[in-house]
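Below is one structure, written out as structure tokens; the observations come after it.
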Amino acid sequence: MKAEILSTGDEISKGAVVDSNSAYIAEKLEDAGVEVTRHNCVGDDLENLVSILREIGSRSDIAIVTGGLGPTTDDLSSMAAAKAAGVELLLNDTAFQSMKKFFENMKGGIGTKSDQKQALLPEGSECLINPVGTAPGFVLNINKCKTFFLPGVPHEMMRMLGDQVLPRIDKLLGNEIVFNKTRILSVFGLAESAVSEYLENINEIFSDIKIGLRAKFPEINIKLYVRGNDEHGLNMLLDNAQGWILEKIGKWVFSVEEKSMEEELGKILAEKKATLAVAESCTGGLISNMITNVAGSSDYFLFSGVTYTNQSKIDILGVSPETIRDCGAVHEQTVKEMAQGAIKISGSTYGIATSGIAGPGGGTDEKPVGTLCIGIATPIEVKTFTFNLNFGKRVMNKTIFAMIALELLRKELLGIPA
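Right, dumping it as structure tokens:
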């Protein structure tokens, strides 16, 4: 069974309001076993609304329309639905009585003549009572498509979708059980184009799976999606596709459970009963913030220090003044001593230290903006790294710096070459 979603209103078509309704509806429909094939958006124009409703009615089994059910002149959904179905608008007694009850409870009357306009529904439609607002919804067959009309106010739409629309869709599905299965693989260290090249043959090998790539800076998400009646078979198919992907780009995949880098790192630290201390300069506490976003991180995260100035590196972490003088703050020797200092202060088994130039200024020919030095302290040594990657914006540079540091420690803990 295929479905479409239509959002109406100038405020949405012109970008003044973000359409969160469609994403919510699509997720609920997919959970119900209904495939959403299109998202549509039309402004407050009667002819355009009639046209799109007829188009949807000719190609889809189900449609959910939001918005345009209010009392004002630009609320056109009921009129457009009637024209699209070739019927008249009639006063619907169920809608009228529900509105009357709502207004009596709220302000002691049926409301204005404009309010009563909301009880005019297309002939042959079924009223969907709105328990939390004035505008009733309705369901109407337009051509072969069962079309549900709901208010655009999110909390009203959500309530009516759950209470009245989804149960009706379940009845339409009958005894058909459709499973929707997804798998999200999170990648860091490869550009989207590179991921695409590595996986260029996947559609030929796994033709039943839909594969999508989404850039979610600073990571890339690979989404595997499959639907069908055999739940066990679908899971096996996803397992096989995941295994194929891991053979291709496994060293860049940090999660197959849609978890963040910090969640994956925290899980590994907890499993190994290891502890961590962090000394940050250029990342300004961002690494520590990410780590402590994970519930339970106090079990393994022992120390955080933002030593932004040279003197604080010396005074707090014990970095040698000679190192600062001879090497500068952005140097592998400096982050080595910073990481050692963090471990010494906290008694942790592992340490991270960062120092770099996030920009937009501060770079030199020798150390341009985007230069990053990282120290990863282990129980037996300190490994140091230097990178140069400038994304043009300070916040983006800091974000990528923090992710690189966490990824280096994750690989160290798992024995994966950096």
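In our numbering, the protein residues as written are 1394 to 1811. Using N, Cα and C, we set each Cβ at its ideal position, and we do this for glycine too.
Rounded C-alpha distance that separates residue i from residue j
| i | j | result |
| --- | --- | --- |
| Lys-1421 | Ser-1586 | 31 angstroms |
| Pro-1611 | Val-1435 | 33 angstroms |
| Val-1376 | Val-1728 | Residue 1376 falls outside the range modelled here, since the chain spans only 1394 to 1811, and no answer is possible. |
| Arg-1620 | Ile-1570 | 10 angstroms |
| Leu-1669 | Ile-1709 | 17 angstroms |
| Asp-1632 | Gly-1744 | 35 angstroms |
| Met-1394 | Leu-1679 | 46 angstroms |
| Glu-1800 | Ser-1674 | 18 angstroms |
| Phe-1780 | Val-1429 | 43 angstroms |
| Asn-1523 | Leu-1543 | 9 angstroms |
| Lys-1493 | Gly-1402 | 26 angstroms |
| Leu-1559 | Ala-1425 | 8 angstroms |
| Ser-1739 | Leu-1695 | 6 angstroms |
| Asp-1563 | Ile-1445 | 25 angstroms |
| Arg-1552 | Glu-1640 | 45 angstroms |
| Val-1525 | Gly-1545 | 13 angstroms |
| Asn-1414 | Asp-1454 | 20 angstroms |
| Met-1796 | Leu-1482 | 58 angstroms |
| Ile-1773 | Ile-1638 | 34 angstroms |
| Lys-1652 | Asp-1692 | 19 angstroms |
| Leu-1765 | Arg-1803 | 18 angstroms |
| Lys-1706 | Gly-1768 | 14 angstroms |
| Asp-1623 | Gly-1567 | 17 angstroms |
| Lys-1760 | Val-1723 | 8 angstroms |
| Pro-1547 | Glu-1516 | 26 angstroms |
Same chain, Cβ closer than 8 angstroms to residue i, neighbours up to 5 away in sequence not counted
| i | result |
| --- | --- |
| Gln-1635 | Arg-1576, Leu-1578, Leu-1617, Val-1649 |
| Ile-1613 | Ser-1579, Val-1580, Phe-1581, Leu-1583, Ala-1584, Glu-1585, Val-1588, Leu-1606, Arg-1607 |
| Leu-1806 | Leu-1658, Ile-1661, Leu-1662, Lys-1665, Ala-1667, Tyr-1743 |
| Asn-1628 | Lys-1574 |
6 angstroms Cβ shell around residue i - same chain, five flanking residues per side excluded
| i | result |
| --- | --- |
| Ser-1697 | Val-1671, Ser-1681 |
| Gly-1734 | Leu-1710, Gly-1711 |
| Asn-1536 | Gly-1450, Ser-1451 |
| Lys-1603 | Tyr-1618 |
| Val-1788 | none |
Cross-strand partners of residue i (DSSP beta bridge)
| i | result |
| --- | --- |
| Tyr-1743 | Leu-1669 |
| Thr-1764 | Asn-1781 |
| Val-1458 | Leu-1399, Phe-1542 |
| Asn-1614 | Ser-1579, Arg-1607 |
| Asn-1523 | In DSSP, Asn-1523 forms no bridge with anything. |
| Glu-1656 | Answer is none; Glu-1656 lacks a bridge partner. |
| Gly-1749 | Leu-1765 |
Proximity of residue i and residue j at Cβ, strictly below 8 angstroms
| i | j | result |
| --- | --- | --- |
| Gln-1511 | Pro-1529 | yes |
| Thr-1354 | Val-1480 | There is no way to answer for residue 1354, as the model of the chain reaches only from 1394 to 1811. |
| Glu-1397 | Ala-1456 | yes |
| Asn-1783 | Gly-1755 | no |
| Phe-1531 | Cys-1520 | yes |
| Gly-1794 | Thr-1702 | According to the sequence as given, residue 1794 is Phe; it is not Gly. No. Outside cutoff. |
| Asn-1686 | Glu-1655 | yes |
| Leu-1514 | Asn-1485 | yes |
| Ala-1798 | Thr-1747 | yes |
| Thr-1527 | Phe-1572 | no |
| Glu-1715 | Thr-1777 | no |
| Arg-1431 | Ala-1477 | no |
| Ile-1809 | Ala-1770 | no |
Close beta carbons around residue i, own chain, < 7 angstroms, minus the five adjacent residues each side
| i | result |
| --- | --- |
| Ser-1690 | Gly-1659, Ile-1684 |
| Leu-1469 | Asp-1437, Leu-1439, Leu-1442, Gly-1461 |
| Asn-1790 | Ala-1751, Gly-1752, Gly-1763, Asn-1783, Phe-1784 |
| Val-1410 | Glu-1404 |
| Tyr-1417 | Met-1551 |
| Ser-1406 | Cys-1434, Val-1435, Gly-1436 |
* **Stretch pair the segment 1476-1490 + the segment 1580-1596: three plus CB contacts closer than 8 angstroms** => no
* **Contact between the segment 1641-1657 and the segment 1597-1605 (3+ Cβ pairs under 8 angstroms)** => no
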